[in-house]
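Residue numbers (my numbering): 8 to 329.
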């Protein structure tokens, strides 16, 4: 079973700016065609603004934590003061009771009773004021804890944004496109570079659906009904362990790479009656041999041959051999 298609990388990395700013440094190796290893730094955005934002967020966090600590100390002081003022209130109540008893016995004037009562009322007001202050502390604590959490979240955001000023390559790749240079302002969401992974290559070979049905019927009779459903067919094809050979015609010579059938496209082309079968070639770039075997690179127009496991028990007419 044969089809044709274009080679494409299995993975593509777009270096997208997650924060904006002036580009302070660009990797000198970031140029079209260059191969960079996994973990390579591609560029750095000037971090000054993000350093300031991080410092401000950390300062706000410390201030919020200090207010929480201050509230805790204030609560302890208020509780201690309340205990003292309650003792004083008890003394004022005892004094008022003593003066009233003396007045009833004729030993004290009403003025003395009024003075003692005023002192008792003033002390009672002090106690009530402290109790009201203590009653507000839980809600104040909730508010300060929320402020502290918000300050910490702002700090984490600032820390993430600071880290995002450096764009790093997650896997080994070949540079396909560069649209950034030092000193240029990079906007959020802007693509600075595009790199193609070199670990694997893919070819979407267009195969007639009739041939796929025939292959499925021969290799797995019970699975032939899945040929009309690309999603189900992918599972069936993977289970068959189909092999593939990718060939590049050079006129007087031809090169080939072993591959494997990975999946099928999600739609059938109604005009041609074909379905895209995606073949994966491992080590398509790293297996290259200088002067003998070039890498399988993006854009090559190749032929793909797909074959199933040998099937025994099939009778071939003698006339078919001549």
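No residue lacks a Cβ here, since even glycine has one placed at the ideal position from N, Cα and C.
Inset, instruction - Excluding the 5 residues preceding and the 5 following residue 312 in the sequence, name in chain order all residues of the same chain whose CB lies nearer than 6 angstroms to its CB. - result: Contacts found: 9, 252.
Legend entry - residue 25 (DSSP reduced to helix, strand or coil): Coil.
Inset, instruction - Look at the Cβ atom of residue 218, then the Cβ atom of residue 285, and state whether they are nearer than 8 angstroms. - result: No, they are not a contact pair.
Legend entry - Length of the line joining the Cα atoms of residue 196 and residue 50: In a straight line, the C-alpha of residue 196 is about 15 angstroms away from that of residue 50.
Inset, instruction - Indicate whether residue 52 and residue 172 have their beta-carbon atoms separated by less than 8 angstroms. - result: Yes; because the gap between Cβ atoms is below 8 angstroms, this pair is in contact.
Inset, instruction - Could you check if residue 203 is buried or exposed, using at least 16 other CB atoms within 10 Å of its CB as the buried criterion? - result: Buried is the call here.
Legend entry - Reference residue 88, options 126, 302, 139, closest by Cα: The shortest Cα separation from residue 88 among 126, 302, 139 belongs to 139.
Inset, instruction - With DSSP collapsed to three states, give me the class of residue 260. - result: Of the three classes helix, strand and coil, the one that applies to residue 260 here is coil, per DSSP.
Inset, instruction - Please report the residue range of the alpha helix (DSSP H) in which residue 120 lies. - result: Start and end: 117-170.
Inset, instruction - Tell me, to the nearest whole angstrom, how far the beta carbon of residue 190 is from that of residue 29; I am working on the premise that it is less than 8 angstroms. - result: Indeed they touch by this definition, with Cβ atoms about 7 angstroms apart.
Legend entry - Close Cβ partners of residue 47 (< 6 angstroms) along its chain, the five nearest in sequence each way excluded: Sequence-distant partners of residue 47 (beyond 5 residues in either direction) whose C-beta falls short of 6 angstroms from its own C-beta, in its chain, are 176.
Inset, instruction - Within 10 angstroms of the Cβ of residue 130, are there 16 or more other Cβ atoms? Answer buried if so, exposed if not. - result: The residue is buried, with at least 16 neighbouring Cβ atoms inside 10 Å.
Inset, instruction - Would you be able to state if there are at least three C-beta pairs under 8 angstroms between the region 63-80 and the region 154-161? - result: Touching, yes.
Inset, instruction - Tell me residue 1's beta-bridge partners as DSSP assigns them. - result: Any property of residue 1 remains undetermined from this structure, which presents the chain solely from 8 to 329.
Inset, instruction - Could you name the residues that DSSP lists as bridge partners for residue 178? - result: In the DSSP output, where bridge partners are listed per residue, residue 178 has none listed.
Inset, instruction - In angstroms with no decimal places, state the Cα-to-Cα distance between residue 247 and residue 13. - result: Residue 247 and residue 13: Cα-Cα distance of roughly 24 angstroms.
Legend entry - Sequence-distant residues of its chain with Cβ nearer than 6 angstroms to residue 82 (five each side left out): Around residue 82: 144.
Legend entry - Close-in-space but distant-in-sequence residues of the same chain around residue 119 (CB under 6 angstroms, 5 per side omitted): Within the same chain, and ignoring the five residues on either side of residue 119 in sequence, the residues whose Cβ sits closer than 6 angstroms to its Cβ are 106.
Legend entry - Where residue 194 sits in the DSSP three-state scheme: Here residue 194 sits in coil by DSSP.
Inset, instruction - Mind reading off the beta-carbon distance from residue 166 to residue 61? Whole number of angstroms is fine, and I expect it under 8 angstroms. - result: The C-beta distance from residue 166 to residue 61 rounds to 6 angstroms, short enough to fall under 8 angstroms.
Legend entry - C-alpha distance - residue 262 paired with residue 256, whole-angstrom precision: Each residue's Cα considered, the two are about 7 angstroms apart.
Legend entry - Range covered by the beta strand (DSSP E) that runs through residue 213: Segment 207-215, the beta strand (DSSP E) holding residue 213.
Inset, instruction - On a CA-only basis, which of 180, 64, 213 is nearest residue 274? Give me that one, please. - result: The candidate whose alpha carbon is nearest that of residue 274 is 213.
Legend entry - Limits of the beta strand (DSSP E) - the one that residue 281 falls within: 281-289 is the span of the beta strand (DSSP E), which, as asked, contains residue 281.
Inset, instruction - On the DSSP bridge assignment, give the partners of residue 48 in chain order. - result: For residue 48, which the question treats as bridged, DSSP gives the partners 175.
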